[in-house]
Amino acid sequence: MLAPFEPIIQPIIDDVLREYKKAKYRKGTILTPCILVWLCFALALRRDSNYNKTLNWLFAGFRWKSLDFCKKIVTDGAISHARKKMGVDVFRTIFHRFSSVFKDVPSDFHGLITVMFDGTSMTMPDTESNRKKFGKHKSGRGYGAFPQVRAVALMALCARRIIDIAYAPYKGKKTGERTLMFEILKRCSKKSCLFLFDAGFYSFDLANYMYENGTQYILKIASSVKLKAISGSQMADGSYLSEIMGKVVVSVNPDSGRKRWKKVKIVVRVIHFQIPGFRSVRLITSLLDPTITAQEIIAHYHKRWDIEIAFDEIKTHQCATLKGHMPTILRSKRSDLVEQELYCILTAYNMIRSLIKESTDTEGGDPLSISFLETVDIIIECAVVMSISAEKRKKKERLFLLQMIANSKIDRPRRPRRNPRAVKVKMSNFKRKRSTDKSECTNFMQDVEILYQEAA
Numbered sequence: 330m331l332a333p334f335e336p337i338i339q340p341i342i343d344d345v346l347r348e349y350k351k352a353k354y355r356k357g358t359i360l361t362p363c364i365l366v367w368l369c370f371a372l373a374l375r376r377d378s379n380y381n382k383t384l385n386w387l388f389a390g391f392r393w394k395s396l397d398f399c400k401k402i403v404t405d406g407a408i409s410h411a412r413k414k415m416g417v418d419v420f421r422t423i424f425h426r427f428s429s430v431f432k433d434v435p436s437d438f439h440g441l442i443t444v445m446f447d448g449t450s451m452t453m454p455d456t457e458s459n460r461k462k463f464g465k466h467k468s469g470r471g472y473g474a475f476p477q478v479r480a481v482a483l484m485a486l487c488a489r490r491i492i493d494i495a496y497a498p499y500k501g502k503k504t505g506e507r508t509l510m511f512e513i514l515k516r517c518s519k520k521s522c523l524f525l526f527d528a529g530f531y532s533f534d535l536a537n538y539m540y541e542n543g544t545q546y547i548l549k550i551a552s553s554v555k556l557k558a559i560s561g562s563q564m565a566d567g568s569y570l571s572e573i574m575g576k577v578v579v580s581v582n583p584d585s586g587r588k589r590w591k592k593v594k595i596v597v598r599v600i601h602f603q604i605p606g607f608r609s610v611r612l613i614t615s616l617l618d619p620t621i622t623a624q625e626i627i628a629h630y631h632k633r634w635d636i637e638i639a640f641d642e643i644k645t646h647q648c649a650t651l652k653g654h655m656p657t658i659l660r661s662k663r664s665d666l667v668e669q670e671l672y673c674i675l676t677a678y679n680m681i682r683s684l685i686k687e688s689t690d691t692e693g694g695d696p697l698s699i700s701f702l703e704t705v706d707i708i709i710e711c712a713v714v715m716s717i718s719a720e721k722r723k724k725k726e727r728l729f730l731l732q733m734i735a736n737s738k739i740d741r742p743r744r745p746r747r748n749p750r751a752v753k754v755k756m757s758n759f760k761r762k763r764s765t766d767k768s769e770c771t772n773f774m775q776d777v778e779i780l781y782q783e784a785a
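So the sequence shown is numbered by the numbering used here: it starts at 330 and just counts up by one.
Below is the structure:
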């Protein structure tokens, strides 16, 4: 149905539908299981269109070629009923199967594959089902306008693709970002990976888990954590070694439930640096090799921001709504369909990113230099035509599609600059944006000052 994506995911869809015994359907059914799956992906791509308009877009090529199909292809409620019947598990499995093909990605930092965690939240329609399942944000001004789902994602830096996701209600026990991060960390492959963490994820349990599994990481750490330098450990680049200490559970008494603890010390490398005009920052890392310099680690950790760019591409562009429409990221009014839609959005995002990677592999270039928004526009433009093309013609059209995507370079690539943390509309903790708040050119790595540890 979505011809640009068929070669990369259709076999997975077919296998999963058979596995869940969802592949069969009655003769004359328009919303067959396969078409429904593609429709759900299309809904994740066309957030600006309602159910029937999106279905009409999918069938537009067949309609005008055959001069058949009425304007309203299915009755009201049929799509929601079919989505409910299909369930969440099919889409969860498709997402994980499709994400698993990303394991064969090239190393990008001293033989390691860079992956990163971050959390976000997504709004949804204000219905009783969604409120009961996910809850609303509450502040001093009262409750938020819409229920929200809290999500933590693991992303591969190479081609900016989502590897895994964990989500929970916005508030409640065991719904925090650390809990969700550990849920992903314990089930993902950690071989040859370099994990980048923000300060909010730090805990001794995390450092100990990474140490026990022999996993490499770079982690920003809060100023409240004391990091005393080990005598004589300071390196030529200004970084030094320190010990972090904590307690871990050794055993649990099955009768009383009492836990036995032991103290553990972990040696980490500390890099303390500052950029003029900003507070000083400390990074801890398991990369103890002095040939990997502090400057390299600082510059590479800065790439953790790419997951924020991925969230922006999903929430601001892929899930953008038209003015006058409900301004929520998700459109589903039932909590179970919210979960289904979340997997559809992430799978659709990964399919777009896979096409971008394929285009740069074929035509040359960096996948991170290709415009996500232009790529989405090209896919929407060509999908109707490619869906009714003959097989021989499809191969030529696909090559042309890859050329078009490869030539859709970002017109304003990332520059060495910084912007004031100010906003135009003042309902924020940041100061109000004024005419004097202008962008200014800067060279971060030239301005970085390594803060040397004073001798004990």
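All residues carry an ideal CB built from backbone N, CA and C; glycine is no exception.
- Beta-bridge analysis with DSSP links LYS588 to VAL581.
- THR443 and ASP493 have their C-alpha atoms some 14 Å from each other.
- Setting aside the 5 residues that flank it on each side, THR650 is surrounded in the same chain by ARG376, ASP377, PRO656, THR657, each with a C-beta closer than 8 Å to its C-beta; the list follows chain order.
- Distance from the CA atom of ARG516 to the CA atom of MET510, rounded to whole angstroms, is 10 Å.
- Residue pairing for TYR496: DSSP places it in a beta bridge opposite ALA480.
- Using a Cβ-Cβ distance cut-off of 8 Å, the stretch 629-641 and the stretch 441-456 are in contact, since at least three pairs of beta carbons, one from each stretch, lie closer than that value.
- Between the alpha carbons of LYS767 and SER428 lies a distance of about 40 Å.
- Looking only at ASP776, SER698, MET453, ILE402, the smallest Cα-Cα distance to LYS662 is reached by MET453.
- By the neighbour-count criterion, in which a residue is buried when 16 or more other Cβ atoms sit within 10 angstroms of its Cβ, GLN477 is buried.
- Under the criterion of beta carbons closer than 8 Å, TYR546 and ALA558 do not qualify as touching, at roughly 20 Å.
- Bounds of any beta strand (DSSP E) do not take in GLN669; it lies within the alpha helix (DSSP H) bounded by 664-692.
- Per the C-alpha coordinates, the member of VAL417, ARG355, LEU368, ASP343 positioned closest to SER664 is VAL417.
- Collapsing the DSSP output to three states places ILE550 in a strand.
- Scanning ASP641, PHE463, PHE526 for the CA closest to the CA of TYR496 turns up PHE463.
- Taking the Cα of MET733 as reference, the smallest distance to any Cα among TYR781, ASN772, LEU702 is reached at LEU702.
- The C-alpha of ALA623 lies about 14 Å from the C-alpha of HIS439.
- Proximity to THR544 across LEU525, CYS648, LYS738, ASP397 peaks at LEU525, based on C-alpha coordinates.
- Between ARG587 and the set GLU769, PHE533, GLY693, VAL578, the nearest pair of CA atoms involves VAL578.
- For PHE607, no beta strand (DSSP E) segment is defined, and its DSSP state is neither H nor E.
- For ASP447, no alpha helix (DSSP H) segment is defined; the enclosing uninterrupted segment is the beta strand (DSSP E) at 442-452.
- By a beta-carbon distance limit of 8 Å, ALA371 contacts LEU331. Their separation comes to about 6 Å.
- Just measuring C-alpha positions, the residue of GLY693, LEU486, HIS466 sitting nearest PRO498 is HIS466.
- Residue environment analysis places PHE420 among the buried positions, since at least 16 neighbouring C-beta atoms fall within 10 angstroms of its C-beta.
- Cβ contact annotation for THR504 (same chain, cutoff 7 Å, sequence separation greater than five): ARG479, ALA497, PRO498, in chain order.
- With a contact defined as Cβ atoms closer than 8 Å, ARG489 and LEU697 qualify at about 6 Å.
- Looking at GLU457, PRO362, THR614, ILE707, the one whose alpha-carbon comes closest to that of ILE685 is ILE707.
- Around GLY693, the same chain offers ALA735 as residues with beta carbons nearer than 8 Å, after the five sequence neighbours per side are excluded.
- Out of ARG750, SER458, VAL403, the CA that lies nearest to the CA of GLY606 is found in ARG750.
- Only residues of its own chain outside the window of five on either side were considered, and among them VAL478, ILE658, LEU659 have a CB closer than 6 Å to the CB of MET451, listed in chain order.
- ASP405 and ALA411 have their C-alpha atoms some 11 Å from each other.
- Here DSSP, grouped into helix, strand and coil, assigns LEU570 to strand.
- Judged by their CB atoms, ARG598 and THR614 are nearer to each other than the 8 Å cut-off.
- DSSP places CYS522 in no alpha helix (DSSP H) but in the uninterrupted beta strand (DSSP E) bounded by 522-526.
- DSSP places LEU612 within a strand segment (E or B) once states are collapsed to three.
- In the structure shown, PHE533 adopts helical secondary structure according to DSSP, grouped into three states.
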